[in-house]
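Down below is the structure, laid out as structure tokens.
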Amino acid sequence: MPHSKLKKLKKFHSLRATLALAFLALSTVVMFISSGLNIYFGLLNQQKVIDAQQEFIAQKAARSVKEFVHSKFNILISCIDFTNMHGASPGEQKLALEKVLGTEPSFRQLMLLDPQEKELLSVSRLSRMVPIHLTDQIEQELFSQANEGKTYISSITIDQTTYEPLLVLAVPVTDVFGDVKGVLVAEVNLKFLWDLMDKIKIGRTGLAFVVDMQGYLIAFSDISRVLKRENLAYLREVHEFTTGNEAIHEGRAQISKGILNTYVLTTHVHLGTPNWALVVELPIMEAYETVLLTFTLSILVMIFSFILAIVLAILLSRRITGPIIGLRDAVKQIGEGHKAIKIDVTAQNEIGELATSFNKMVENLTSTTVSRDSLIKEVTKRKQAEEQIKTSLKEKEVLLKEIHHRVKNNMQVISSLLSLQSRYIKDEQVQKAFQESQGRVRSMALIHEKLYQSGDLARVDFAEYIGNLAEYLFSLYSADSTKIALTTNVDGVSLGINSAIPCGLIINELVSNSLKHAFPRKRKGEICIDLHRKDGECELIVSDDGIGFPKGLDFQKTESLGLQLVNTLTQQLEGSIELHCNGRGTSFKIMFGRQQ
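Structure below.
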């Protein structure tokens with residue numbers, strides 16, 4: 033096989049494969065963008081739901097623990113009020129305390145003290161009388177609070193005999209004038225709080241525990257850890273509580289290591305009085321079960337959609353290219369001399385009409401004779417066939433215009449979708465990104481609009497295009513045309529579609545930058561767009577007399593997506609770009625494209 037023929041074969045690209053890949057690529061991009069946005073916003077909403085559920089569970093559990101302590105205070109206060117503890121006789125006082133001790137199992141001992149801190153009487157449920165262990169510090173704090181008419185709650189202590197955690201509560205005893213005449217002290221067995229903690233359910237496998245201000249474990253399902261007086265200040269939630277960071281505690285659940293040394297979703301609630309905190313922990317897999325299920329289903333839907341897009345792409349490409357391939361094969365046989373071939377294409381469209389024209393042409397060829405009359409008839413028939421072909425070609429031109437029109441409409445739909453979506457976005461940066469994307473899509477849509485509106489389907493008149501694009505950008509960014517003037521100077525330059533789209537995008541980015549940044553605080557100014565042919569090249573200048581380009585910023589190495597696009601599109605045009613800053617505004621000069 034000759035080298036030139038082999039080279040031609042290597043350059044051949046299947047129309048069927050091209051159409052299938054194009055459809056698949058377009059479908060995949062749209063699918064991934066749509067699914068990605070749905071997954072992203074779905075995860076954000078689900079995270080808020082999880083935080084709210086975790087906070088609700090923690091608050092509910094905290095109320096149970098807080099009510100446990102407050103109920104004991106209420107019992108003591110009720111005993112003082114109903115018995116008239118100050119005015120009752122010692123016998124009546126003891127009888128009242130014994131009734132309280134009998135009705136409240138969590139009370140281990142009760143003691144009545146006079147204002148001089150002396151014991152008046154006490155009752156106990158222990159087999160041997162063990163006095164309530166009041167240290168000097170506890171007594172001092174107890175009477176200090178009582179003299180102010182306040183209740184008192186001590187820190188946790190462990191009974192060295194029974195190893196039970198104990199808590200001392202105290203309520204002032206006052207007369208009718210409110211003067212403090214004594215203090216009623218109760219020793220509370222916190223093992224009843226353990227029973228309460230066992231009843232608190234945190235999800236299916238979650239857990240809760242209580243710590244004091246020093247981080248010591250007070251109540252937990254594992255009693256051995258409570259009895260060891262384990263300090264949990266190393267846990268993140270406990271550390272926040274013990275270091276006094278409640279003011280900055282946001283109340284939202286966070287992921288960290290828990291009491292069982294596994295990663296959990298955890299939060300805590302400060303009980304206030306007593307100065308404890310209740311910490312709830314939920315295993316990550318249980319907490320994010322709904323999120324993981326949603327994410328998995330989204331991935332499965334994306335995979336199914338991708339497979340469906342592949343199948344549809346193959347079927348659609350076969351349906352479109354089938355008649356064309358049949359027409360090609362028949363034409364090849366006719367070219368090889370098989371004039372009896374009939375093209376079997378029944379499509380009711382331009383391809384079907386073209387096949388009919390070819391069939392008629394073949395019939396004319398087979399009926400050709402050497403006679404003059406036959407030759408004249410043959411020439412006439414051929415001319416008729418040629419007229420049909422020309423008509424078909426004109427119809428193809430109409431079809432091409434329709435394609436440009438539909439591409440423009442589809443881009444307009446995309447721009448409208450971006451505009452609608454941006455209304456639901458609260459993040460200003462994301463909203464700006466959507467707005468910039470609208471401008472880019474609109475700049476490309478204008479190219480296709482100018483192509484189908486003009487007689488030349490291959491080139492775009494940029495004089496009218498630049499004016500329309502600038503008018504749209506002024507509207508998009510709500511620019512006041514009475515304060516920002518627009519001047520265009522275009523010398524009848526027309527560009528092919530391969531140059532027109534990049535050039536249009538460059539103008540879109542530079543004019544957008546000027547509208548966004550050059551005229552702050554409603555400053556007046558002017559934006560100029562010049563496009564000329566100079567020495568066989570196109571010279572594009574976009575300038576403004578605004579505040580100027582930031583000093584020290586390299587526009588070719590900036591992180592701005594707009595300027596990155598300008599540099600990339602200039603390279604695509606095989607052109608060059610220059611920035612001029614004269615102290616009054618900014619000017620970009622771009623040279624590209626030899627005479628086309």
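Every letter in the sequence shown is one number past the one before it in our numbering, and letter 117, counting from 1, is 149. Heads up, the beta-carbon is just placed ideally off N, CA and C, and yes, glycines get one too. What you are looking at is a predicted structure, and each value in this text was computed from that prediction instead of being measured.
Considering only residues of the same chain and omitting the five flanking positions on each side of Ile609, which have a CB-CB separation below 6 Å? As a position in the sequence shown, residue 609 is number 577, starting the count at 1. Excluding positions up to five away in sequence, the list reads Thr602 and Ile622.
Between Val205, Met229 and Asp523, which has its C-alpha nearest Arg565's C-alpha? Numbered from 1 along the sequence shown, position 533 holds the residue referred to as residue 565. The shortest C-alpha separation from Arg565 is found at Asp523.
Best match in Ser544, Ser253 and Lys554 for proximity to Ile629 [C-alpha to C-alpha]: Because the chain in this structure spans residues 33 to 628, residue 629 falls outside the shown range and cannot be described.
Chain-order list of residues whose beta-carbon lies under 8 Å from that of Ile516 (same chain, five-residue window excluded): Here residue 516 corresponds to residue number 484 of the sequence shown, with the count starting at 1. Only Phe506, Leu547, Phe551, Lys556, Gly557, Glu558 and Ile559 meet the Cβ criterion.
Alpha carbon of Arg236 to alpha carbon of Tyr320, nearest angstrom: Counting from one through the sequence shown, the residue named residue 236 turns up at place 204. Counting from one through the sequence shown, the residue named residue 320 turns up at place 288. Whole-angstrom Cα-Cα distance: 13 Å.
Please go through the same chain and pick out, in chain order, the residues whose beta-carbon is closer than 6 Å to the beta-carbon of Asn179, but skip the five residues on each side of it. Walking along the sequence shown from the start, residue 179 turns up at place 147. Within the same chain, Asn179 has close Cβ partners Val212.
Between Asn307 and Ser510, what straight-line distance do the alpha-carbon atoms span, to the nearest angstrom? Taking the first residue of the sequence shown as 1, we reach residue 307 at position 275. Taking the first residue of the sequence shown as 1, we reach residue 510 at position 478. The straight-line gap from Cα to Cα measures roughly 57 Å.
Please classify Glu217: does DSSP put it in a helix, a strand, or coil? Reading the sequence shown from its first residue, position 185 is the one you call residue 217. First, the residue type needs correcting, since residue 217 is Val and not Glu in the sequence shown. In this structure, Val217 counts as strand in the three-state DSSP scheme.
Got a sec? Which residues, its chain only, sit under 6 Å from Gln420 by beta carbon, not counting five neighbours each side? Position 388 of the sequence shown holds residue 420. Answer for Gln420: Ser389, listed in chain order.
Ala345 versus Ile352 - alpha carbon distance: The sequence position of residue 345 within the sequence shown is 313, counting from 1. The sequence position of residue 352 within the sequence shown is 320, counting from 1. So the two alpha carbons sit approximately 11 Å from each other.
Thinking just about the alpha-carbon of each residue, which of Gln246, His118, Gln177 and Gly123 is nearest to the one in Val208? To locate residue 208, count along the sequence shown from 1; it is residue 176. Out of Gln246, His118, Gln177 and Gly123, His118 has the C-alpha closest to the C-alpha of Val208.
Alpha carbon to alpha carbon, what distance is there between Leu359 and Asn391? Residue 391 sits at position 359 when you count from the first residue of the sequence shown. Residue 359 sits at position 327 when you count from the first residue of the sequence shown. Cα-Cα distance, rounded: 10 Å.
If we require 4 or more residues per run, which alpha helix (DSSP H) segments fall completely within the segment 580–621? 593–604
Rounded to whole angstroms, what is the Cα-Cα separation between Ile539 and Leu53? Here residue 539 refers to the residue found at position 507 of the sequence shown. Here residue 53 refers to the residue found at position 21 of the sequence shown. Approximately 31 Å, taken between the alpha carbons.
With a threshold of 6 Å on Cβ separation, who are the neighbours of Pro534 within its own chain once the five nearest residues in sequence on each side are excluded? One-based indexing of the sequence shown puts residue 534 at position 502. Here the set comprises Leu601, Gln604 and Leu605.
For the alpha helix (DSSP H) that contains Ser154, what are its first and last residues? Position 122 of the sequence shown, counting from 1, holds the residue named residue 154. From DSSP, Ser154 is part of no alpha helix (DSSP H) but of the beta strand (DSSP E) over Glu151 to Ser156.
Quick one: any contact between the segment 296–311 and the segment 216–225, if contact means 3 or more CB pairs under 8 Å? no
Looking at C-beta atoms only, is the number of pairs between the segment 227–247 and the segment 94–107 that lie closer than 8 Å three or more? yes
What residues match up with Phe252 in a beta bridge as DSSP calls it? Numbered from 1 along the sequence shown, position 220 holds the residue referred to as residue 252. In DSSP, Phe252 forms no bridge with anything.
Going by beta carbon distance, what residues of the same chain come within less than 6 Å of Leu595, once the five residues before and after it are set aside? Locating residue 595 in the sequence shown gives position 563, where the first residue counts as 1. Taken in chain order, the residues that qualify are Phe587.
Tell me Val394's beta-bridge partners as DSSP assigns them. The residue labelled residue 394 in the question sits at position 362 within the sequence shown. Note: Val394 sits in no beta bridge, so no partner.
In terms of residues, what are the limits of the alpha helix (DSSP H) holding Tyr504? Mapped onto the sequence shown, residue 504 falls at position 472. Its alpha helix (DSSP H) spans residues Phe494 to Leu508.
So Val312 packs on Ile234, CB below 8 Å; how close in whole Å? Position 280 of the sequence shown, counted from the first residue, corresponds to residue 312. Position 202 of the sequence shown, counted from the first residue, corresponds to residue 234. Going by Cβ atoms, the distance from Val312 to Ile234 rounds to 5 Å, so yes, they are a contact pair.
Hey, out of Thr590, Phe581, Thr322 and Asp512, whose CA is closest to Arg553's CA? If you number the sequence shown from 1, residue 553 lands on position 521. Of the candidates Thr590, Phe581, Thr322 and Asp512, the one whose C-alpha sits nearest the C-alpha of Arg553 is Asp512.
Can you tell which of Thr194, Asp567, Gln380 and Ala417 has the C-alpha that lies nearest to the C-alpha of Asn396? Here residue 396 refers to the residue found at position 364 when the sequence shown is read from its first residue. Minimum Cα distance to Asn396 is reached at Ala417.
Whose C-alpha, out of Leu527, Ala309 and Leu153, is nearest the C-alpha of Gly625? What you label residue 625 is simply residue 593 of the sequence shown in a count that begins at 1. Of the candidates Leu527, Ala309 and Leu153, the one whose C-alpha sits nearest the C-alpha of Gly625 is Leu527.
On the three-state DSSP scale, how would you describe Pro204? Your numbering for residue 204 matches position 172 in the sequence shown. Note: Pro204 maps to strand in three-state DSSP.
Put Gln380 into one of helix, strand or coil per three-state DSSP. Here residue 380 corresponds to residue number 348 of the sequence shown, with the count starting at 1. It is coil, neither helix nor strand.
Return helix, strand or coil for Ser11, following the three-state DSSP convention. No statement about residue 11 is possible, as the shown extent of the chain runs from 33 to 628 and does not include it.
Per DSSP, cross-strand counterpart(s) of Asn521: The residue given as residue 521 occupies position 489 in the sequence shown. BP columns for Asn521 point to Asp562.
Using a Cβ-Cβ cut-off of 7 Å (strictly less than) and excluding sequence neighbours within five positions of Ile356, which residues of its own chain qualify? Position 324 of the sequence shown, counted from the first residue, corresponds to residue 356. Excluding residues within five positions, the ones whose Cβ falls inside 7 Å are Leu47 and Ile383.
Here's the rule I'm using: 16 or more other beta-carbon atoms within 10 Å means buried, otherwise exposed. How should Val333 be labelled? Here residue 333 is taken as the residue at index 301 of the sequence shown, counted from 1. Exposed, since its Cβ has fewer than 16 Cβ neighbours within 10 Å.
How about Phe224 and Ser121: are their beta carbons less than 8 Å apart? Counting from one through the sequence shown, the residue named residue 224 turns up at place 192. Counting from one through the sequence shown, the residue named residue 121 turns up at place 89. No, these two residues do not count as a Cβ contact at 8 Å.
Look at the alpha carbon of Thr274 and the alpha carbon of Tyr248, and state the distance between them as a whole number of angstroms. As a first step, residue 274 is located in the sequence shown; it is residue number 242 there, counting from the start. As a first step, residue 248 is located in the sequence shown; it is residue number 216 there, counting from the start. Their Cα atoms are separated by approximately 10 Å.
Whole angstroms are fine: how far does the CA of Ile82 sit from the CA of Ser330? Your numbering for residue 330 matches position 298 in the sequence shown. Your numbering for residue 82 matches position 50 in the sequence shown. Straight-line Cα distance between these residues: approximately 19 Å.
Under the three-state DSSP convention, the category Asn70 falls into: Here the question's residue 70 lines up with position 38 in the sequence shown. Here Asn70 sits in helix by DSSP.
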